[in-house]
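Numbering (my numbering), first residue to last: 7 to 1034.
Each residue gets a CB set at the ideal place from its N, CA and C atoms; glycine is no exception.
Just so it is clear, the structure is predicted and the values come from calculations on it, not from any experiment.
To keep things clear, I will list the structure first and then write my remarks on it.
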């Protein structure tokens, strides 16, 4: 059967169908959203609970543990981790991929409701439950500064005007306010003034609560009309609170101003954010899954002038980071690479065919195939991201292969004197089955990616589907459009220009055939060479360094700064500001967003700081060297652990804010886990292959240990509850009221004056109310001393846990670091403490365990398809002889260029297996056809090598030149693609020439083997399968 004949004979139908694909593909391209990576995320739910003033131990035992017990029975839960700090607990629940995020959140909400009666009665509100998308990183940061405006007023404008406006942009999921300075009234009281007037902190709290009310008053119902009652019982400003009457002494009122002061302040006063040295606020825009990052960016940029025009007090808005810039640049670079590769591939066809019309017809396979792929991507809901664009770029190198093979065969008939129509029919009939075999066997090699599962499988699924669709489209074009155009526009009068290249090429073919004769006389040596390459593959696999996913060179650095426990916030703020200013001086740095402290939307924690460092465009490809220079610049700040990381290519599983990779320790006792963490952290810091080693263990936070003298307290009528309430009101910044505004509500907070909070002697200033109503000095009912305790406690699956975070040093890969960490852990971890990798380190382990299975499945799938197509068990083995040669060349190239075998380069090797077996198909298919015509195997394979020499060289050089721009590394984000390109180019170059000798030798060896088996078993030779 001639697959191309209907399309050759019906040019109008072929043209209409082709144009329909082109037009729909163009429409699909403009509808495709642009994003950094495919949308892959583990359904994650975050549960937060707060109990102001509670210690980490109290939060862990009374809040985290009861909740975790309820969560363990939730179906689909894959991991559960909790972090308890002073006054707060955060529990992260991660579910299996494929779990409905809505259903997971509902299950968690039900579990929280069931745990409610196990939680402390003093919780201000039930634990909050919200969906969390770990992969939904902000796509844009917008900074707000106003030198002449209080930050709480700027915060009000940011939240009520800017954030709400940006939230209306289509595709925006959330606008987070970092460094929020929410307005609050803070009431500071003098404990000595309180005692002198016989007032307790509880009395102040009660007075404020009674004076600041907003209750419904009802309606006066008259005979003719109803009157709504309205009482203004709220105090809205700090000045109003200063005049609040607390009590009467000797008939005289005692206002709040007599024992303290009320000021306009912020809800969280231990956090600061700076934008290029100026205090400010940052808005982070998070996109909805599947939305268009570039479209969102464009819409926000159109809104910013309007928002800036209405900004009060000289406030300015500035985009400090925009991920769309990187995506645009990456898309432009890929389009440039596509164009360059297309020109190179077209040049190869021109050099070999020397017919302008034939070259143009072959080159048309590129736009036809790509546009058809855009249509399918649109229908499948895919996006233009770094992986799908990589698939399209790779495809250019081999998308013309099928068309080249078809054109070369038609060209051969034209050279014999046939007219274009006859040459197209005859050439299409002869080569159609070969093209079909090449297309199907190449398209299916990425099918195992769809079944890889887990984070990596989901991440690369779109890549596999995209490149498979391109291959199928190229085969469709080669069987339809290419012969149809050849029949109309090629003829025997269009003689090829026989230049010097053609004469030299013919000489190379003659030399090749002579050397082939020698090789076929020494088949054993040739096959032995193939065996040596197979052994070499195994050896090189152990020598090549291993990586996971490269960082995206988006020009954004994350800098996490960990300060010693017990350091005051004022000192942390000074250090943080100095560090950010030091980094700002680096010539590669464009801007720095710096934050210190803790609060809603804050970057860091109690003793942590964070910086987003944006690099200038000229330095985005030099991330590693910039990090090294910044690390040297901040060496003087030796009190802090400063961790630099680039923007991760993808993040799966649990993540750590303090390093690119984490190692988790779990046990049953806090003391054992903590000691093991200290020992292992110290050992890992001594390894030169690791950098920025730090742990989540914060166990030396200075504390005041207070114990109640119960006998004295009982005798004086003081309850433990009164003691703890007094301490909470004095130092906890307790909420004692709410101000209801027109657009929002604000808190009223009470504590003793900061002047009396700076030492342990502050406890001597406090008094506690007794059951008789008298005040009792706190020091008479409690004892206290200095102590040290945890700043935070971590739990994993309900067990005590810690994490050790680390980066790898320059020149070291995660594949080299993992055995080092495992060796140290095996030596130093005691019984009862287990260690395991988390986050991307764990994904690296599971992925590389699955890669050999993936490779085997790919080879098996190729064999199955070829066996079905050829109806033969042994011919597919002949075709597969090129695979070890290609793998050896790829691994050798990675080793010589000191590049890692990461997921990208492994995908390149998978693709390489599909490319090199095309040569085998071209040779074997022709040889089988000649044998069925009566030729002996030796004659058939030699003629196949002679006739198919040109198409093999054309397809190989087209593939090499198509991938060469990726191997060289042009433009934005190219560094992550270089290992893939080097693997493909190296594999093609090495396997190209050896295949031309090993495949014929193996073919003859298999023919001898087949004949011997047939004679020994007495089998009758079956009728040959001849594709029509």
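Short of 6 Å in beta carbon distance, which residues of its chain neighbour residue i, apart from the five on each side in sequence? Order them along the chain.
i: residue 1008; result: 884, 887
i: residue 811; result: 662, 664, 665, 668, 700
Are residue i and residue j touching if we call contact CB-CB under 8 Å?
i: residue 1006; j: residue 929; result: yes
i: residue 988; j: residue 900; result: yes
i: residue 273; j: residue 753; result: yes
i: residue 490; j: residue 474; result: no
i: residue 960; j: residue 412; result: no
i: residue 58; j: residue 799; result: no
i: residue 671; j: residue 682; result: yes
i: residue 804; j: residue 78; result: yes
i: residue 121; j: residue 93; result: no
i: residue 363; j: residue 145; result: no
i: residue 446; j: residue 871; result: yes
i: residue 319; j: residue 152; result: yes
i: residue 1042; j: residue 379; result: Residue 1042 lies beyond the stretch modelled for the chain, which goes from 7 to 1034, so this question has no answer here.
i: residue 993; j: residue 895; result: yes
i: residue 271; j: residue 183; result: no
i: residue 494; j: residue 561; result: no
i: residue 136; j: residue 52; result: yes
i: residue 997; j: residue 922; result: yes
i: residue 906; j: residue 542; result: no
Residues in the same chain with beta-carbon distance under 8 Å from residue i, minus the five sequence neighbours each way, listed in chain order, please.
i: residue 940; result: none
i: residue 725; result: 719, 777
i: residue 11; result: 431, 434, 435
Residues bridged to residue i by DSSP?
i: residue 987; result: None; residue 987 has no bridge partner.
i: residue 227; result: 232
i: residue 6; result: Only positions 7 to 1034 of the chain appear in this structure, which leaves residue 6 out of reach.
i: residue 54; result: 96, 134
i: residue 182; result: 290
i: residue 259; result: 254
i: residue 755; result: 192, 741
i: residue 278; result: 602
Grab the span of the alpha helix (DSSP H) containing residue i for me, first residue to last.
i: residue 791; result: Element bounds for residue 791: not the alpha helix (DSSP H) but the beta strand (DSSP E), 788 to 795.
i: residue 838; result: Premise fails: residue 838 is in no alpha helix (DSSP H) and is neither H nor E.
i: residue 64; result: 62 to 65
i: residue 173; result: 170 to 173
i: residue 821; result: 820 to 834
i: residue 780; result: Taken as a continuous stretch (DSSP letters only), residue 780 belongs to no alpha helix (DSSP H), as it is neither H nor E.
Indicate whether at least one CB of chain D lies closer than 8 Å to the CB of residue i.
i: residue 535; result: Among the protein chains of the structure shown there is no chain D, as only one such chain exists.
Spatial neighbours of residue i within its chain, please: C-beta separation below 7 Å, excluding the five flanking residues on both sides.
i: residue 864; result: 451, 454, 916, 919
i: residue 1016; result: 880
i: residue 1032; result: A caution first: residue 1032 carries a pLDDT of 46, below 50, which makes its placement in the model unreliable, though a value can still be read off. These residues qualify, in order along the chain: 938.
i: residue 762; result: 197, 768, 771
i: residue 164; result: 150, 183, 287, 289
i: residue 860; result: 454, 458
The beta strand (DSSP E) spanning residue i covers which residue range?
i: residue 232; result: 232 to 234
i: residue 3; result: Absent from the structure is residue 3, since the part of the chain shown begins at 7 and ends at 1034.
i: residue 800; result: 798 to 802
i: residue 218; result: Here residue 218 belongs to no beta strand (DSSP E), and DSSP marks it neither H nor E.
key: Segment contact flag, the segment 735 to 743 with the segment 809 to 825, C-beta cutoff 8 Å, min 3 pairs   = no
ask   = Can at least three beta-carbon pairs, one atom from the segment 681 to 699 and one from the segment 645 to 653, be found at a separation below 8 Å?
value = yes
query = How about the segment 212 to 223 and the segment 703 to 715: do they share at least three Cβ pairs that are nearer than 8 Å?
reply = no
inquiry  = Below 8 Å, how does it come out for the segment 757 to 771 and the segment 227 to 241: are there three or more Cβ pairs, yes or no?
reply    = no
inquiry  = Under 8 Å: do the segment 623 to 643 and the segment 585 to 592 share three or more Cβ pairs, one atom per stretch?
reply    = yes
query = Counting pairs of beta carbons, one from the segment 439 to 447 and one from the segment 368 to 382, are three or more of them closer than 8 Å?
reply = no
key: Three or more C-beta pairs below 8 Å linking the segment 341 to 361 and the segment 171 to 179   = no
query = For the segment 27 to 45 against the segment 101 to 111, are there 3 or more C-beta pairs whose distance is under 8 Å?
reply = no
task = Determine contact between the segment 614 to 623 and the segment 319 to 335, defined as no fewer than three beta-carbon pairs at a distance below 8 Å.
result = yes
ask   = Is the segment 130 to 141 touching the segment 259 to 278 in the sense that three or more CB pairs, one from each, lie closer than 8 Å?
value = no
query = Would you call the segment 87 to 94 and the segment 8 to 23 in contact, with 3 or more CB pairs under 8 Å?
reply = no
ask   = Is the number of C-beta pairs between the segment 825 to 842 and the segment 70 to 77 that are closer than 8 Å three or more?
value = no
request  = Tell me, please, whether the segment 395 to 409 touches the segment 953 to 970 by the rule of three or more beta-carbon pairs shorter than 8 Å.
outcome  = yes
message = Under 8 Å, with one C-beta from each stretch per pair, do the segment 234 to 249 and the segment 564 to 582 reach the 3-pair mark?
response = no
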